[in-house]
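Numbering (the working numbering), first residue to last: 991 to 1186. Positions of the beta carbon are idealized from the N, C-alpha and C atoms, including for glycine. Some notes on the structure that comes next.
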């Protein structure tokens, strides 16, 4: 898998990214967050996600190790979301070049106790704007289950349009009825895709 396409001026160490927004701070994932990720990525949280919750903390540590290896190679950026001010762990988000580095994929999850505060929307907007400044891409994709109304509002707030629908088998053995949003570089760059 090729790395993300960084802009000429961007000399980025993905292992030490820090992105600040009004209420949240996004930080490159590291082992110090393993316990919180393990505790908060529950069956309820993964209901609309492909991954299944880790059964042992070693699985979470392996996920973090794999994420950091992929970041070291410039392929993906996996971040923890923390609350600005007190540093409370809120969840994780990422920008991954899974299919094609020219069309990276956004993803996010927020712990249950932090739902309803629009932290997810704020984190994804901050990450998407970082991508506009740092990475060359044609558009960003955001896959989400049709039934996950709260998560669908995130790409819609960025001006995303549905361009694909499909069934996806999860690692837990279920299926997602997935819609994939396409969020154009131009929409993000112009600022038209930042409706609160």
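In this structure the stretch 1152-1159 does not touch the stretch 1117-1126; the number of beta carbon pairs closer than 8 Å is below three. A check of alpha carbon separations from residue 1080 across 1102, 1089, 1064, 1059 identifies 1102 as the nearest. Bounds of the alpha helix (DSSP H) holding residue 1143 are 1139-1147. Approximately 6 Å separates the beta-carbon atoms of residue 1054 and residue 1019; this is inside 8 Å, confirming the contact. In the displayed model, residue 1124 falls within a helix according to three-state DSSP. DSSP, read as helix, strand or coil, puts residue 1172 in strand. Taking C-beta separations shorter than 8 Å and ignoring five residues to either side along the sequence, the partners of residue 1111 in its chain run 1143, 1144, 1147, 1186, following chain order. Minimum Cα-Cα distance from residue 1045 among the listed residues 1141, 1058, 1056, 1029 corresponds to 1029.
In the three-state reduction of the DSSP assignment, residue 1037 falls in the helix class. Nearest to residue 1004 by C-alpha distance, out of 1059, 1012, 1180, 1138, is 1059.
Within the same chain, 1168, 1170 come within 6 Å of residue 1133 by CB-CB distance, once the 5 residues on both sides are set aside. The bridge partners DSSP lists for residue 1098 are 1083. Residue burial is scored here from C-beta neighbours: residue 1127 has at least 16 other C-beta atoms within 10 angstroms and is therefore classed as buried. Residue range 1047-1062 is occupied by the alpha helix (DSSP H) that includes residue 1051. Contact between residue 1016 and residue 1083 holds, since their C-beta atoms are separated by about 7 Å, short of 8 Å.
One thing to note: residue 1094 has its Cβ within 8 Å of the Cβ of residue 1130. Residue 1056 holds the alpha-carbon nearest to the alpha-carbon of residue 1024 among 1056, 993, 996. Residue 1104 and residue 1022 have their C-alpha atoms some 20 Å from each other.
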